[in-house]
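K.L.:
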Amino acid sequence: MAPETRARASRLAEDQQVATLMQRLQDPDERSEAERVLLLERLVSMERLQEAEVVLQPWLSGRSTPRELTLFKAELQRRNGQPEAARRSLQQLMRLHPDDLQVLQLMVLLDQQQGRHREALAELTTRFKNLEPGQRLEIGLLLADLLRQGGSDQEAVNLYRQLAAEDATDARPLLALALLQQDKGSTADVQALLKQAQERRKSSGRISPLIDVVAGQLGLSAARNTASEPPRAKAIQEGSDRP
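Here it is in structure tokens:
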């Protein structure tokens with residue numbers, strides 16, 4: 004069977020499954036939560052987002068709506084070209100979960116989509132300043148990323164360094180800063196930052212394969228950071244990461 008024929012047959016099978024599930028959901032005696040979830044997954048994968056929003060609605064009509072469903076609804080509204088409806092859904096969530104990172108991320112994405120970069124930046128900056136050091140790492144990383152996207156690289160660098168100083172055990176600010184420095188072609192700075200990130204991983208005892216992943220993405224070997232150590236010391240260090 005030719006590839007295009009197989010693809011057409013697969014699409015027809017998916018359409019038939021969706022039609023069957025839609026029909027079953029009309030019958031109170033037949034519908035189930037599992038089938039509703041399956042139908043939502045199929046509709047989203049097929050980019051039939053308006054139908055997905057309709058299928059989602061009964062879940063949202065109850066007195067208590069889980070945060071995840073409202074967040075999913077807001078994302079569907081955003082992708083369906085209903086930015087103001089999405090904003091209302093997100094504002095509702097933010098009243099209940101003012102510091103929820105996923106809600107903030109989607110609001111920032113919506114603001115950028117509508118050309119509201121300055122507003123998003125001002126909102127995140129205020130939220131960041133209202134939190135105490137040690138409690139604002141995630142929001143700080145989101146703010147720094149927004150600064151980068153707006154072309155304020157030096158402000159982003161300063162914020163990454165501030166975040167790294169506020170939490171001496173978390174390697175994420177150093178990794179983000181390494182990626183920024185790589186974009187600027189500062190290879191020596193990148194290697195130094197990755198070495199610091201590795202040291203944080205060892206001192207905290209946290210498993211952080213992201214450090215090696217970032218090193219690989221940047222075309223660097225994580226082992227370069229310890230190139231000056233004797234071979235025996237390097238072998239012991241490498242073995243310490245193994246189970």
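Read left to right, the sequence shown gives residues 4 to 246 (the numbering used here). A virtual CB, placed ideally from N, CA and C, is assigned to each residue, including glycine.
1. Beta-carbon within less than 7 Å of residue 143's beta-carbon, same chain only, minus the 5 sequence neighbours each way: which residues are those?
2. Report back the beta-carbon spacing between residue 123 and residue 114 to the nearest angstrom; my notes put them in contact at under 8 Å.
3. What first and last residue would you give for the alpha helix (DSSP H) that runs through residue 143?
4. Out of 204, 189, 195, state which residue places its alpha-carbon closest to the alpha-carbon of residue 174.
5. By the three-class DSSP mapping on this structure, what secondary structure does residue 92 have?
6. Return the Cβ separation of residue 128 and residue 104 in integer angstroms, given the expectation that the two are a contact with Cβ distance under 8 Å.
7. Mind checking which residues open and close the alpha helix (DSSP H) that includes residue 79?
8. In whole angstroms, what is the alpha-carbon distance linking residue 56 and residue 149?
9. One question on the structure: do residue 59 and residue 72 come within less than 8 Å of each other, judged by their Cβ atoms?
10. Which residues in the same chain as residue 137 place their Cβ atom closer than 7 Å to its Cβ, once the five residues preceding and following it in sequence are excluded?
11. Using only the alpha-carbon positions, how far apart do residue 1 and residue 156 sit?
12. Is residue 160 near residue 180, with beta carbons less than 8 Å apart?
13. When you compare only the Cα positions, how much space is there between residue 153 and residue 184?
14. Given a cut-off of 8 Å, decide if residue 95 and residue 88 are closer than it, judged by their beta-carbon atoms.
15. List the whole-angstrom C-beta distance separating residue 110 from residue 93, where the pair is believed to meet the contact cut-off of C-beta under 8 Å.
16. Under 8 Å Cβ to Cβ from residue 84, same chain only, skipping five residues before and after it: list those, please.
17. Which residue wins for smallest C-alpha separation from residue 82, given the options 69, 107, 54?
18. If we define contact as Cβ-Cβ less than 8 Å, is residue 77 a contact residue for chain C?
19. Rounded to a whole number of angstroms, what is the C-alpha to C-alpha distance between residue 69 and residue 119?
20. Kindly list the residues whose CB is nearer than 8 Å to the CB of residue 206, restricted to its own chain and excluding five residues on each side of it in sequence; keep chain order.
21. Going by the CB atoms, is the gap between residue 177 and residue 200 shorter than 8 Å?
22. What does the Cβ neighbour count give for residue 116, buried or exposed, with the cut at 16 atoms within 10 Å?
23. Per DSSP, what kind of secondary structure is residue 190 in: helix, strand or coil?
24. I need the straight-line Cα distance from residue 106 to residue 74, nearest angstrom please.
P.N.:
On the basis of the supplied data:
1. 131, 162, 166
2. For residue 123 against residue 114, the beta-carbon gap comes to about 4 Å, under 8 Å, which counts as contact.
3. 140-152
4. 204
5. Helix.
6. Contact flag wrong, Cβ pair sits at about 16 Å.
7. 70-82
8. Roughly 29 Å separates the two Cα atoms.
9. yes
10. Answer for residue 137: 169, 170, listed in chain order.
11. Outside the displayed span of the chain (4 to 246) sits residue 1, for which this structure offers no information.
12. yes
13. 16 Å
14. No, the Cβ-Cβ distance between residue 88 and residue 95 is not below 8 Å.
15. 5 Å
16. none
17. 54
18. Checking the listed chains, one finds no chain C in this structure; it contains a single protein chain.
19. 28 Å
20. 172
21. yes
22. exposed
23. helix
24. 7 Å
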